[in-house]
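Numbers in the working numbering are just positions in the sequence shown, counted from 1, shifted up by 1. Built from N, CA and C at the ideal position, the CB exists for glycine as well.
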Amino acid sequence: MLENKVVIITGGTRGIGLETAKLFVENKAKVIIWGSKEESVTKAIKEMKEEGYEVSGYYPNLNNYEEVNNIVEKIYNEYGKIDILLNNAGISANKKIEDTSEEDFKKIIGVNVNAVFNTTKAVVPYMKKQNSGVILNTSSMVSIYGQPSGVGYPASKFAVNGITKSLARELAPSNIRVNAVAPGITNTEMVASLPKEMIEPLIKTIPLGRIGSPRDVANAFLFLASDLSSYITGEILSVDGAARN
2 MLENKVVIIT GGTRGIGLET AKLFVENKAK VIIWGSKEES VTKAIKEMKE EGYEVSGYYP
62 NLNNYEEVNN IVEKIYNEYG KIDILLNNAG ISANKKIEDT SEEDFKKIIG VNVNAVFNTT
122 KAVVPYMKKQ NSGVILNTSS MVSIYGQPSG VGYPASKFAV NGITKSLARE LAPSNIRVNA
182 VAPGITNTEM VASLPKEMIE PLIKTIPLGR IGSPRDVANA FLFLASDLSS YITGEILSVD
242 GAARN
């Protein structure tokens, strides 16, 4: 479904990003994963290679536009195009507001919002030159319903939805589609780090009776990245087992 497509996946070293990278490679894409540290990128590439997945990787500071832009330019010069960007890098939060410092809040916004702006700004000129492209963002169910603590996380994902819907309108004349996937509770390291008292009550609200797997979310990204969704843009696709809280 993605044969010869050149794909950048931020936050591609674990969880949803890693599973999506594998699925995209299975569908013949040329995947470049980005991670926060050299060691995590090297480890992910090594493990994927052992499983038969060929990818390359980088570890730019996503809050530094110049650094991001330099890597994007390098990728374009190597492959001659950039077809798909998946903005998946993100961090969560669960502190009450009175326990959340200004720096805590800034860090969440930096990774979850500023990074999306920087990577998107960097790839758009190349996609416009091609007159084609797909930009995908990882949102969250909390971007629709909020959450009982950790206000910075839903705030950041509300922002991601706004970026998605606005850029879908702005970039449509250049044949660039912009969509987001809003996962529900998914079996990733990020969710595993959250307290049980936050997660267990939420699972009980899921009509399908289980939390999602990274492959469930990756499948949604594959659909939105492929030509099967060629007339879909500006959408926030919920992948949450009908968890309407």
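Query: Rounded distance between the beta-carbons of Ala45 and Leu137, thought under 8 Å; Result: The Cβ separation is near 19 Å, so there is no contact.
Query: Where Ala181 sits in the DSSP three-state scheme; Result: strand
Query: 4 or more residues per run - each alpha helix (DSSP H) lying fully within the region 62-127; Result: 66-80 and 103-110
Query: Alpha carbon of Tyr66 to alpha carbon of Asn113, nearest angstrom; Result: 14 Å
Query: Three-state class that DSSP yields for Thr14 in the structure shown; Result: coil
Query: Residue span of the beta strand (DSSP E) that contains Asn138, given as start and end; Result: Gly134 to Thr139
Query: 8 Å Cβ shell around Leu229 - same chain, five flanking residues per side excluded; Result: Met2
Query: Buried or exposed by the 16-neighbour rule on C-beta atoms within 10 Å, applied to Gly13; Result: buried
Query: C-alpha gap between Ile204 and Ala181, whole angstroms; Result: 23 Å
Query: Secondary structure, alpha helix (DSSP H): runs of 4+ residues fully inside the region 168-219; Result: 190-193 and 197-204
Query: Whole-angstrom distance between Ile9 and Ile85, CA atom to CA atom; Result: 6 Å
Query: Beta-bridge pairing of Ile33 - partner residues as DSSP gives them; Result: Ile9 and Ser57
Query: Closest Cα partner of Gly151 within the set Glu4, Glu68 and Ile109; Result: Ile109
Query: With 16 other Cβ atoms within 10 Å as the buried cut-off, status of Leu209; Result: exposed
Query: Cβ-based neighbour list, Ala160, same chain, cut-off 6 Å, excluding 5 preceding and 5 following; Result: Val114
Query: Ala94 versus Phe106 - alpha carbon distance; Result: 9 Å
Query: Residues that Ile145 bridges to, as DSSP identifies them; Result: The partner list for Ile145 (beta bridge, DSSP) is empty, contrary to what the question assumes.
Query: Nearest neighbour of Asp100, chosen from Tyr60, Gly153, Asn188 and Phe222 [CA to CA]; Result: Gly153
Query: Anticipated Cβ contact below 8 Å, Ala90 with Thr11, distance rounded; Result: 4 Å
Query: Outcome for Asn119 when other beta-carbon atoms lying within 10 angstroms are tallied against a minimum of 16; Result: buried
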